[in-house]
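Top to bottom, those sequences are chains A and B. Under my numbering, the first residue of the first sequence is numbered 1, with each subsequent residue one higher. Under my numbering, the first residue of the second sequence is numbered 325, with each subsequent residue one higher. All residues carry an ideal CB built from backbone N, CA and C; glycine is no exception. Computed from a predicted structure; not experimentally measured. What follows is a set of notes on a single structure, which appears directly below.
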Amino acid sequence: MAERNLDSVKKIREAVSQDLLGGRISQVLGWEKGHYWWQSRPLFARSEADLEKLTWDSFCVINLSRYLLEELKDHEKVGVLVKGCDARAFNRLLQDNMVKREQVILYGLPCPGMLDYNRLCEEAGAVPDGIVENNGTVVLKTDGGEKEVQREDIMLDKCRECVYPDPAAYDQMLLSPQGEREAAERFKPVEELEELPADERFAYWEKELSRCLRCYACRQACPFCSCRECFVEQENPRWQGRAYQPSENFMFHLVRAYHGTGRCIDCGECERSCPVDIPLQELNRKLIKDINELYGDYEAGLDAEAEPPLLTYRPDDPAAFSEK
Amino acid sequence: MSAALNDNTAGWEPLIVSFCCNWCSYAGGDLAGTSRMTYPANVKVIRVPCSGRINPMFVLRAFQRGADGVLVAGCHPGDCHYTSGNYQSRRRLSAFKRLVEFAGFEPERFEVRWISSSEGDKFAEEMTEMTEKIKALGPNGKMRDARWQSVI
Chain A
1 MAERNLDSVK
11 KIREAVSQDL
21 LGGRISQVLG
31 WEKGHYWWQS
41 RPLFARSEAD
51 LEKLTWDSFC
61 VINLSRYLLE
71 ELKDHEKVGV
81 LVKGCDARAF
91 NRLLQDNMVK
101 REQVILYGLP
111 CPGMLDYNRL
121 CEEAGAVPDG
131 IVENNGTVVL
141 KTDGGEKEVQ
151 REDIMLDKCR
161 ECVYPDPAAY
171 DQMLLSPQGE
181 REAAERFKPV
191 EELEELPADE
201 RFAYWEKELS
211 RCLRCYACRQ
221 ACPFCSCREC
231 FVEQENPRWQ
241 GRAYQPSENF
251 MFHLVRAYHG
261 TGRCIDCGEC
271 ERSCPVDIPL
281 QELNRKLIKD
291 INELYGDYEA
301 GLDAEAEPPL
311 LTYRPDDPAA
321 FSEK
Chain B
325 MSAALNDNTA
335 GWEPLIVSFC
345 CNWCSYAGGD
355 LAGTSRMTYP
365 ANVKVIRVPC
375 SGRINPMFVL
385 RAFQRGADGV
395 LVAGCHPGDC
405 HYTSGNYQSR
415 RRLSAFKRLV
425 EFAGFEPERF
435 EVRWISSSEG
445 DKFAEEMTEM
455 TEKIKALGPN
465 GKMRDARWQS
475 VI
């Protein structure tokens, strides 16, 4: 499986082992193969033996920057492999003063887009035994034979819509850049919802949010949700009730999305990690769209020096309400 | 959602929660009072130090606990007692207003107004207008906490 990646993995391993074994860093955050071939899970490499497990394939979707919040408590200096969205997540954490730049070495990995297991199965008609990646296409191997599909067709939604596959921040770029992708119509679902009458929109959200288990996986996966104490766990005042009812679902999801105003890097990890497929990106993107419309285009995470729109103002700002 | 909440019978009066900044809008309300202007008693005023103090969770909590409309009132841009509080809240609340509309609230349910301490007449006017708009819209059942019993 994924033979063409062997060179890349070797290159990555060489680069990080130099720093790790040379003592510049005490840990590398990367990926290793999980229980199944279609899973790559985070690897916390501290030794040469750990580095043997390091992998880089089409399932390394988990954002490693988020793990820095914990890992930097125990380590002076950590190396992290970052894809496009991971690097933007790192910038997000940097802007929030949650990490220190000098404590981290970023190894940039231009990302070809990660594959969606559900789509793989759908295309193959069964759970494939493995895949072989060619240039732009993927061969799915099943008992019944082989099937070649376009890579783009079996990518995760968030990767299909990704515009910045190359890391925006890095110390070392390990592979050759992908180049900017064509801007997808990411605001289309938001615009369609905006056209509905208010009551229908409410009914839509009531239905979608009714599935919410309040597992907070969206928050755990999110690079902008880095508060040490989250409002959902605050006891006094207790903003978030535990009851299962529409009112509490709205409270959680509106406030979660709102906390990302001008901060959400649009990486889609919340939606991907949601076990009940709530379209969380639509809430996030609504806010991105409005902020862009009202206060000028801003792409969170691309530039750690740029001022986030809600941390600044201009005296002649427009408003979404009447100012007479 | 209980049927009683959506029952738009003759006896229903809207509940409007108005967050007023201490320095302008609350003083504007005072002026309206001392000048003997009238505005509907449906409006319950909550004094906050600045419109920048408004946490959007205040607004959502008001809707949960029975508000039919929420109005945030602050100093005119440029007149903030803390220099920039209302500039900050203008950005935040603009984004938030669009978000609650996106979630399915009618645009009239949540409003922001700038009212200075010398605008007693404007205060009374805005409160009357808000009440009339919400009366026309009817009771708000969206996001209402089903366990919450109104005491008014």
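So, helix, strand or coil for Ala327/B, using DSSP?
In this prediction, Ala327/B scores a pLDDT of 41, lower than 50, which makes its location untrustworthy; the coordinate-derived value is nonetheless stated afterwards. Helix.
Buried or exposed: Ala460/B, going by 16 or more other Cβ atoms within 10 Å of its Cβ?
Ala460/B should be labelled exposed.
Count the other CB atoms, across all protein chains shown, that sit within 10 Å of the CB of Val16/A; report buried if there are 16 or more and exposed otherwise.
Taking all protein chains in view, the Cβ of Val16/A is crowded by 16 or more other Cβ atoms within 10 Å, so the residue is classified as buried.
For a test of the three-state rule: what should DSSP assign to Leu109/A, helix, strand or coil?
Leu109/A falls in the coil class under three-state DSSP.
Can you tell me where the alpha helix (DSSP H) holding Trp205/A begins and where it ends?
Note, Trp205/A: alpha helix (DSSP H), Ala198 to Leu209.
On the DSSP letters alone, give me the boundaries of the alpha helix (DSSP H) that Lys457/B sits inside.
Per DSSP, Lys457/B belongs to the alpha helix (DSSP H) from Gly444 to Leu461.
Pull out every residue of the region 406-419 of chain B whose Cβ sits closer than 8 angstroms to any Cβ of chain A, in chain order.
Taking a C-beta cut-off of 8 angstroms against chain A, the contacting residues of the region 406-419 of chain B are Ser408, Tyr411, Gln412, Arg414, Arg415, Arg416, Leu417, Ser418 and Ala419, listed in chain order.
Beta-carbon proximity check, Cys270/A vs Ala221/A, cutoff 8 angstroms
Their beta carbons are under 8 angstroms apart, which means Cys270/A touches Ala221/A by this criterion.
Determine the closest residue to Tyr67/A out of Gly22/A, Val80/A, Glu307/A and Met114/A, with distance taken between C-alpha atoms.
The shortest Cα separation from Tyr67/A among Gly22/A, Val80/A, Glu307/A and Met114/A belongs to Val80/A.
Helix, strand or coil for Arg437/B, going by three-state DSSP, please let me know.
Arg437/B falls in the strand class under three-state DSSP.
State yes or no: is the beta carbon of Glu305/A nearer than 8 angstroms to at least one beta carbon in chain B?
For Glu305/A, no Cβ of chain B is located within less than 8 angstroms of the residue's own Cβ.
Neighbouring residues, chain B, relative to Lys286/A (Cβ below 8 angstroms):
Within chain B, the residues near Lys286/A are Arg422, Leu423 and Phe426.
Counterpart residues of Ala356/B in DSSP-defined beta bridges
As DSSP reads the structure, Ala356/B sits in no beta bridge.
Measure the C-alpha to C-alpha separation of Ala397/B and Phe343/B and round it to an integer number of angstroms.
Take the alpha-carbon of Ala397/B and the one of Phe343/B: they are about 6 angstroms apart.
Quick one: which chain A residues come within Cβ less than 8 angstroms of Gly402/B?
Simply Pro315.
From what residue to what residue does the alpha helix (DSSP H) around Cys121/A run?
Element bounds for Cys121/A: Tyr117 to Ala124.
Do you know how far the Cα of Glu48/A is from the Cα of Leu21/A?
The alpha-carbon atoms of Leu21/A and Glu48/A are separated by roughly 7 angstroms.
Is there contact here, the region 449-460 of chain B with the region 296-304 of chain A, by at least three beta-carbon pairs under 8 angstroms?
With contact defined as three or more Cβ pairs closer than 8 angstroms, the region 449-460 of chain B and the region 296-304 of chain A are not in contact.
Of the listed residues Glu52/A, Pro279/A and Trp38/A, nearest to Cys218/A (C-alpha basis)
For the residues Glu52/A, Pro279/A and Trp38/A, the minimum Cα distance to Cys218/A belongs to Pro279/A.
Cys345/B, DSSP secondary structure in three states:
Correct three-state label for Cys345/B: strand.
Quick one: what does DSSP say Met251/A is sitting in, helix, strand or coil?
DSSP places Met251/A in helix when its eight states are reduced to three.
Coarse secondary structure for Leu51/A, derived from DSSP in three states:
Helix.
Proximal residues of chain A, C-beta to C-beta of Gln388/B below 9 angstroms
Close to Gln388/B, with beta-carbon spacing below 9 angstroms, are these residues of chain A in chain order: Gly241, Ser247, Glu248, Phe250 and Met251.
Which residues of chain B have a Cβ atom closer than 8 angstroms to the Cβ of Phe202/A, listed in chain order?
The answer, in chain order, is Ala427, Gly428, Phe429 and Lys466.
Counting C-beta neighbours from all protein chains within 10 Å, is the total for Thr55/A 16 or more, i.e. buried, or is it exposed?
By the neighbour-count criterion, in which 16 or more other beta carbons inside 10 Å mark a residue as buried, Thr55/A falls on the buried side.
Is the region 360-375 of chain B close to the region 315-323 of chain A, with three or more CB pairs under 8 angstroms?
Too few Cβ pairs lie closer than 8 angstroms, so no.
8 angstroms Cβ cut-off: residues of chain A touching Thr384/B:
Note on identity: in this sequence residue 384/B is Leu, with Thr being the wrong assignment. Contacts between Leu384/B and chain A, judged by CB atoms closer than 8 angstroms, involve Phe250, Met251, Leu254 and Val255 in chain order.
Comparing alpha-carbon positions, which option in Asn249/A, Val232/A, Ala126/A and Asp153/A lies nearest Thr137/A?
Per the Cα distances, Asp153/A.
Chain B within 8 angstroms of Pro189/A, Cβ atoms only:
Contacts with chain B at 8 angstroms (Cβ-Cβ) do not include Pro189/A.
Can you give me the C-alpha to C-alpha distance between Cys215/A and Ile439/B, rounded to a whole angstrom?
If you take the alpha carbons of Cys215/A and Ile439/B, they lie about 42 angstroms apart.
Do Leu310/A and Tyr415/B come within 8 angstroms of each other at the CB atom, strictly closer than that value?
Here residue 415/B is Arg; the residue named in the question, Tyr, does not match the sequence. It is a contact, given that the beta carbons lie within the stated cut-off.
Evaluate the contact criterion for the region 83-93 of chain A versus the region 101-116 of chain A: three or more CB pairs, one atom per stretch, below 8 angstroms.
They touch, by the three-pair rule.
Is the CB of Val279/A under 8 angstroms away from at least one CB in chain B?
The residue you asked about is not Val; residue 279/A is Pro in the sequence shown. Pro279/A does not count as touching chain B.
Under 8 angstroms, with one C-beta from each stretch per pair, do the region 278-293 of chain A and the region 253-260 of chain A reach the 3-pair mark?
Three or more Cβ pairs closer than 8 angstroms define a contact, and the region 278-293 of chain A meets that threshold against the region 253-260 of chain A.
Return the residue from the list Asp199/A, Ile131/A and Cys212/A that minimises the CA-CA distance to Ile275/A.
At residue 275/A the sequence reads Pro, which differs from the Ile that was named. With distances taken between Cα atoms, Pro275/A lies closest to Cys212/A.
Take the Cβ of Tyr411/B as the centre, count every other Cβ of all protein chains shown within 10 Å, and call the residue buried at 16 or more, exposed below.
Classification of Tyr411/B: buried, given that the 10 Å Cβ count is 16 or more.
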